[in-house]
Each structure stands twice: as C-alpha cells, then as structure tokens.
Amino acid sequence: MKILIKKGRVIDPKNGRDEILDIFINGGIIEKIDKNIREKVDNVHVIDASGLIVAPGLIDMHVHLREPGYEYKESIRTGTMAAVKGGFTSVVCMANTDPVNDNKSVTEFIIKQAKVEGVCRVFPCGAITRNLKGEELAEIGEMYAAGIVAISDDGKSVKNSETLRKALEYAKLFHIPVISHCEDEDLSKGFVHEGKASVMSGLDAVPAIAEEIIVKRDMAIAQYVNSPLHLTHISSGGSVDAIGEMKRRYNQITCDTCPHYFTLTDKATLSFDTNTKVNPPLRSKEDVDAMKEGLRNETIDIIATDHAPHDVTSKDVEFNIATSGISGLETAFGLSLALVHEGVLSMKTLLKKFTENPAKLLKLPHGELTPGSPADIIIFNPDLEWTVDRNTFASKGKNTPFHGWNLKGKNLLTIVDGKIVYRDPAFK
Amino acid sequence: MKWSKKDLLGIRELSKEEILLILDSADSFKDISRREVKKVPTLRGKTVITLFYEPSTRTRTSFEIAAKRLSADTINISANTSSHVKGETLKDTARNLESMRPDVIVIRHNMPGAPHMLSRIVDSSVINAGDGAHEHPTQALLDLFTMREKKDRIDGLNITIVGDIAHSRVARSNIFALRHFNTRITCSGPPTMIPPDIESLGVHVEYDMNRAVKDADVIMMLRIQKERGGISYIPSVKEYSIIYGLKAEHLKKAKKDVIIMHPGPMNRGVEITDEVADGPYSVILDQVENGVAVRMAILYLLTGREA
Numbered sequence: 004m005k006i007l008i009k010k011g012r013v014i015d016p017k018n019g020r021d022e023i024l025d026i027f028i029n030g031g032i033i034e035k036i037d038k039n040i041r042e043k044v045d046n047v048h049v050i051d052a053s054g055l056i057v058a059p060g061l062i063d064m065h066v067h068l069r070e071p072g073y074e075y076k077e078s079i080r081t082g083t084m085a086a087v088k089g090g091f092t093s094v095v096c097m098a099n100t101d102p103v104n105d106n107k108s109v110t111e112f113i114i115k116q117a118k119v120e121g122v123c124r125v126f127p128c129g130a131i132t133r134n135l136k137g138e139e140l141a142e143i144g145e146m147y148a149a150g151i152v153a154i155s156d157d158g159k160s161v162k163n164s165e166t167l168r169k170a171l172e173y174a175k176l177f178h179i180p181v182i183s184h185c186e187d188e189d190l191s192k193g194f195v196h197e198g199k200a201s202v203m204s205g206l207d208a209v210p211a212i213a214e215e216i217i218v219k220r221d222m223a224i225a226q227y228v229n230s231p232l233h234l235t236h237i238s239s240g241g242s243v244d245a246i247g248e249m250k251r252r253y254n255q256i257t258c259d260t261c262p263h264y265f266t267l268t269d270k271a272t273l274s275f276d277t278n279t280k281v282n283p284p285l286r287s288k289e290d291v292d293a294m295k296e297g298l299r300n301e302t303i304d305i306i307a308t309d310h311a312p313h314d315v316t317s318k319d320v321e322f323n324i325a326t327s328g329i330s331g332l333e334t335a336f337g338l339s340l341a342l343v344h345e346g347v348l349s350m351k352t353l354l355k356k357f358t359e360n361p362a363k364l365l366k367l368p369h370g371e372l373t374p375g376s377p378a379d380i381i382i383f384n385p386d387l388e389w390t391v392d393r394n395t396f397a398s399k400g401k402n403t404p405f406h407g408w409n410l411k412g413k414n415l416l417t418i419v420d421g422k423i424v425y426r427d428p429a430f431k
Numbered sequence: 139m140k141w142s143k144k145d146l147l148g149i150r151e152l153s154k155e156e157i158l159l160i161l162d163s164a165d166s167f168k169d170i171s172r173r174e175v176k177k178v179p180t181l182r183g184k185t186v187i188t189l190f191y192e193p194s195t196r197t198r199t200s201f202e203i204a205a206k207r208l209s210a211d212t213i214n215i216s217a218n219t220s221s222h223v224k225g226e227t228l229k230d231t232a233r234n235l236e237s238m239r240p241d242v243i244v245i246r247h248n249m250p251g252a253p254h255m256l257s258r259i260v261d262s263s264v265i266n267a268g269d270g271a272h273e274h275p276t277q278a279l280l281d282l283f284t285m286r287e288k289k290d291r292i293d294g295l296n297i298t299i300v301g302d303i304a305h306s307r308v309a310r311s312n313i314f315a316l317r318h319f320n321t322r323i324t325c326s327g328p329p330t331m332i333p334p335d336i337e338s339l340g341v342h343v344e345y346d347m348n349r350a351v352k353d354a355d356v357i358m359m360l361r362i363q364k365e366r367g368g369i370s371y372i373p374s375v376k377e378y379s380i381i382y383g384l385k386a387e388h389l390k391k392a393k394k395d396v397i398i399m400h401p402g403p404m405n406r407g408v409e410i411t412d413e414v415a416d417g418p419y420s421v422i423l424d425q426v427e428n429g430v431a432v433r434m435a436i437l438y439l440l441t442g443r444e445a
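Order-wise, the sequence lines are chains A and B. So the first sequence is numbered by my numbering: it starts at 4 and just counts up by one. So the second sequence is numbered by my numbering: it starts at 139 and just counts up by one.
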C-alpha cells in the first residue's frame, strides 16, 4: 500500500524536524519526506493533513494487555485497538499475566498472538523473577531470545536487594533495561496517598516515602553495579528530586510518569470513586506540580500510561477491595496535550517523551520519521475539543476517572507498518 | 430551613445550618423518650432497614429504638447472617434491598465510602452508621447535642480528643462538625495514632496528655481500634493506659465543669479509669440517651424531605 500524506505539520523530535512537509509511504517504509512530493504512481492513497500535526506513532512503554489469563479484562486485540485509537503504534506489555511472562513460552505466545490479533506493535516485557515472587531470577536470556525488550516485576518491587542487584548485573548481557516498580511493601498497606485527603477520608494511606525509599535504593544499586535502570510510574515530588540529583552524578537512570499523576490530585479520592484508585496512589497538589516541573526540566524522560484495564466487577465494589488502575490508552495523549496548552512543554518536547525517548531506552527502530524507517505515523489535531466517553472505549476496561472530561487535542489517524489501522470519525 | 438531602453520608457534607436543624429537631424528640407512651405515629408505614457489616450494640439498637418510637417498621440485617457470607457483593445486596422498597437504609461497614457507594445504587435514603475509619455522623451529632445540652453552647468550647485519632471515625466526624463552630480542638495520643496532616483539619496536636487536657471544657476519650490494627501502633495496652488513660488527676487540670465523653464501647482501665467513667463529670450515658433523640430527628428529616 502506498500512502501520501500531504501538507501536514511534521514534527519529529528525533530528527529535529518541525515544518510543513509531505510524507510518502511505500511497502511499510517511509520512502520520502519532502516538500510537495508528486508521486506519479498508481494506487496512492492521498491524505490531506493540512492544518494537522503529523508525528511518529507514540510508544507506550507500560501497558497491561491482560492476555494470557485475564482476557475478560482485556485482550491483545482490544488492547491494541485502544492503543491505535489513542495514537500509540507500539506498546510494551507487562509480565503480570496468568501465567506470568517469566519464560519463553509465554513470551512466544504473546508475540505470536500479537501478530495474529494485534493492530499495533507489541513488545513483551519479561518478569525479573520467577512468578514475580522476587526470589529467583526468571529465564531472562531465553525470554530475550524470544523477543522481550525489558524486564520488570511491575506491580511489585523486587524486595530483596541482592536479587535486584543480580538482575541489574545479568541484564547487562542483553543490553535491556530493568524497569523498577518502586514501592516499599511494608509502608504500602493502604489504598490512597497519605496526606490531607486521607485524613478526611479515613482510607488507609501510603506515604510518598514508600516510593522514594525504593527509588533511592534501586538507583544506588544500579550505580554500584554500573547498570542502566528505568523507574516507572513515578508519582512523588520527592522521587523526582532524588532522580534529578542522581542523574547529575550517574547517567544511566531514566524514568517515566503517567498522565494521571500530572492531572489528578488525591482530592479525587474523596469521592470514593474506585476509578481513582491507582498504584502508586494519586498524590498531593505539590506532587502534581513536581511532575510537571520534572517533565519540563527533563528529569522525567518518558510519559507512559500504565494502562490497567479492569472489568466492572473489579471496580464496582468498596474502595478498599477494588483493584487498582486506570484504562489509560485512549485518554493519555489528550490529557498530555494539556501540558502543551498550559505552556509546560513545547509540542516537540511532549512528542519526544512519547516517541524518541522510549524508543531509545528500548532500542526500538520506531518513534521517528526517517526515510527508510518503518512507517508508524499518527496525524492529530492538537486543538480539537472532545468529551471522554468510556462507553466508546475500544478497550474492554471502562475504568477511567476522566469520563465526561473535555479534552483538547485528539489523535485522528494511525498508521502502523504503512497501513491505516485507525481513522477517527472526526477525520474527514 | 428545610432538609433537602437524600442521605446522611457524613458530616463533611453538612452545613452549619443543617447541623443545627438536626440538633434543634432532636430537642423535641428527646421528650418523647421520656413519656410513658414512647411512641408517635410520625413514620407509620415507613420501612427502615439496618444493614450492619460490623458488630454493634449501641448504634444499632439506638437506630432501631429511634425508628420504632416513630412507628416505622424496622428490619435488621447483619453481615454474618446475610448473603454477604455467601459471597454476595454490597452492590447486589443493595439492589435486592432496594427492590423491597425500604424508605431508609442505615449502613455500618468496615470500609470507608461503602455508604456512598450504596447511596449511588439505591433511591432510599442512606444513613451512614459508621464506615471504617471515615465518618460516624450520627455519633458526632449526638456528641454535639450533648455538649450543647450540658454547656448551653458549642461556641467557645475547648474540646480535647484523646486516643487513636488515626483510626477513629468518631474523631473525624466530630472535627468536621466542630469546625463549623468557634471551638478549639486539641487532639492527643501517641504520635503513631495521630495522622500526619491532621492539622490541616484545623485542630491542634498535643502529645502530652497533661497539657492536652489543660483548661478543657470537654474531654472526649476514644478506644484503641483493635479491629483496625490499632494495637500495633503502641508497644502495649499497659503502657498506653499509663500514658494516655484518663485518670482523676487529669480532671484537676481541666475546667471545673469539664464533661467527659466516650462514644463506647469503653475499655475500662485502658483509656479511662472506672472512677472517671462513672464519676460526676461523665456524660457517657447521656450520650447514649441523646443518641436516640438525634437519630429520631435524622429519620424524621430524611423521610419527610420533599421529593
């Protein structure tokens, strides 16, 4: 299939590009990027992108596709449909499936299933330890050979420091990042952030230090063994400070945060709406401000969704027993564009955190618009106003605290591997 | 003013006017309980369900008596005798109860927010009779009623709350209620039982018990919430009782006409000595009596609201 995208504002952080250009796609590859391309070949699908932004497809390095094992919450099919709707052309799926992705059979299954059912690229993240128990290392080498791009016990910290040290050392063999979920188990016997809102709600609370202690521990171990470390879904200002300070001394630390951590405060939990229950919890206004500042000053490299779809039964219960997580793929980009509208980030910097930076971390040949590279492209309108309606989600997970919110900026068209996989009704 | 809310979920949602409306209404209902025939036809034909997921004697009986004195039909459901033990969710229980068309559901639950969830599902009025460590609004209202009755005012009072503040729904609801008045609230207890940020609610923290009770008009003692892990916040009950148990010597530091309150159940010899609990300053049994009047007022206001 040949596609010619005409007159879009092409923004590609990797190549430092921001100008009105045409892009010609042929056979899944970006063949040419230039002014006023006139291809004289037949069967070219021409897309008029004038007035819109053309960017590399977004990369979400932290999603839960729930397959295998929890297909009633999400499947690779529905999860990737949600991804392309939200502007993502690549997703990295976490290992806490059933069975856990801690061996090559599960990795192979996910990759095979994604080829058959997936509508975007799916890169599995393997477990650090067998069955996420934090005890013995999983077969990282075998999983790497089968196609994992990172390892993480996401959902839990690796409690044993010695085990984490071994994982950081062993992962060097394959040059894949270790992704750390930072949470001190003993300090985390709660459901919401410990602060003013928890004093009012009486909900059992988790202090920000539960995250910060592990952030500091994990960075110290990584520095000691001279390994790269990625800290995921960072939520506290104290973590951002610690990471910023460490980055000045040691250059192998990266981190991400999620849209809900720079959009919502713990005040939202006062509604007892279980859609506001996430792990780590929504934090204070000061933490939210620190997330924005961390994104602005480049302490936070990447925006990920931690897309955590759940079935109604898991959420339609008392707050204490509800499962944690937000179905985030379809709202992440719209929420993040607010950072541009508010003047926190430039459009190019925002896109960098969704494209170039995750691609670099995961060593993926995506997240850029370079002739000869795979044609993963989105076209979006940064100013289009729309209302979040969970009932229209492609994801099986309707668990969002943003239902009914008005957002400004929407993905309109998604191309994966040179094929149009999503076209928004608003895109004529 | 007229009552307009469907539910009574917490004090936090109430205005000062609404609190005063309840207290003023309770004044007239208190007389009914002291008559020989303790019954009025006010709620005849109405159905009140008490749905208790946590053990309770006082609150549950108080609600039941309040409803019966207003001639409502009452049905009691305990979690250990309900379909809850068969795995039925609160949502399904609520839907089933709603189908039986009760007018009021009084719920006690060990999890914060459960009454709020219930109120979103059912059209009946929902009364929060205690949800985890969150709120216990009727207790706070009867506490205010008792303070006003004994002191003829609420404004200007020094109120000291002692004990496991972190796990106490009674403390929270009282703080929310008393904030509407010109009061000075002091919270005291072991630092492990005083949540960080409690000052954001407009209270003072004084860890030293002797200083905390100084010049108090009201001392409200709380029990250690064993069911919410309270015991793990202190080295031992014995040590707690030595440092934070209310003893006669403390009363000398307080105002001469201090009143001693306790929401019950009391752990005698732990947070309060027998001498104080049964002494002349104790209004603990008045609180229980007033609880019926306040709950009658609430049932009356909720069922009488305009649709």
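We put the CB at the ideal spot given by N, CA and C, even for glycine.
Under 8 Å by Cβ, that's how I've got residue i and residue j pegged, so tell me the actual separation to the nearest angstrom.
i	j	result
V200/A	K270/A	Note that residue 200/A is Ala in the sequence shown, not Val. Contact holds; Cβ gap of about 5 Å.
L181/B	A210/B	4 Å
H196/A	S287/A	7 Å
S93/A	D379/A	7 Å
V408/B	G368/B	Their Cβ separation, rounded to whole angstroms, is 11 Å, which puts V408/B and G368/B out of contact at 8 Å.
Just the C-alpha distance for residue i and residue j, rounded to the nearest angstrom, thanks.
i	j	result
A415/B	D424/B	12 Å
F322/A	L228/B	12 Å
D293/B	I397/B	15 Å
Q277/B	Y419/B	19 Å
R207/B	M203/A	34 Å
A267/B	Y173/A	55 Å
A445/B	E192/B	The pLDDT assigned to A445/B is 42, lower than 50, so where the model puts this residue is not dependable; a value taken from the coordinates is nonetheless given after this. Cα-Cα distance, rounded: 31 Å.
D51/A	I382/A	10 Å
P404/A	N39/A	43 Å
T197/B	P403/B	10 Å
L372/A	S230/A	30 Å
V419/A	R124/A	8 Å
V122/A	D105/A	24 Å
D45/A	F27/A	13 Å
P179/B	R150/B	31 Å
Return helix, strand or coil for residue i, following the three-state DSSP convention.
i	result
H233/A	strand
D276/A	coil
P428/A	coil
S93/A	strand
A445/B	For A445/B, the predicted structure reports a pLDDT of 42, less than 50, and the residue's modelled location is therefore unreliable. The matter cannot be settled from this model.
I196/A	First, the residue type needs correcting, since residue 196/A is His and not Ile in the sequence shown. Strand at H196/A.
M64/A	strand
S183/A	strand
G72/A	coil
S287/A	coil
N248/B	coil
M146/A	helix
T321/B	coil
K5/A	strand
V391/A	coil
S201/A	helix
V421/B	coil
L146/B	strand
P385/A	strand
For the alpha helix (DSSP H) holding residue i, just list the boundary residues, first then last.
i	result
S114/B	In the structure as shown, chain B starts at 139 and stops at 445, and residue 114/B therefore has no counterpart that could be examined.
R233/B	228 to 237
D45/A	Looking at the DSSP string, D45/A is not in any alpha helix (DSSP H), and its letter there is neither H nor E.
E377/B	375 to 382
A117/A	107 to 120
CB residue i to CB residue j, shorter than 9 Å?
i	j	result
V186/B	V242/B	yes
I381/B	V341/B	no
H236/A	D309/A	yes
F112/A	P250/B	no
D156/A	A117/A	no
A153/A	S239/A	no
Which residues bound the beta strand (DSSP E) around residue i?
i	result
S155/A	153 to 155
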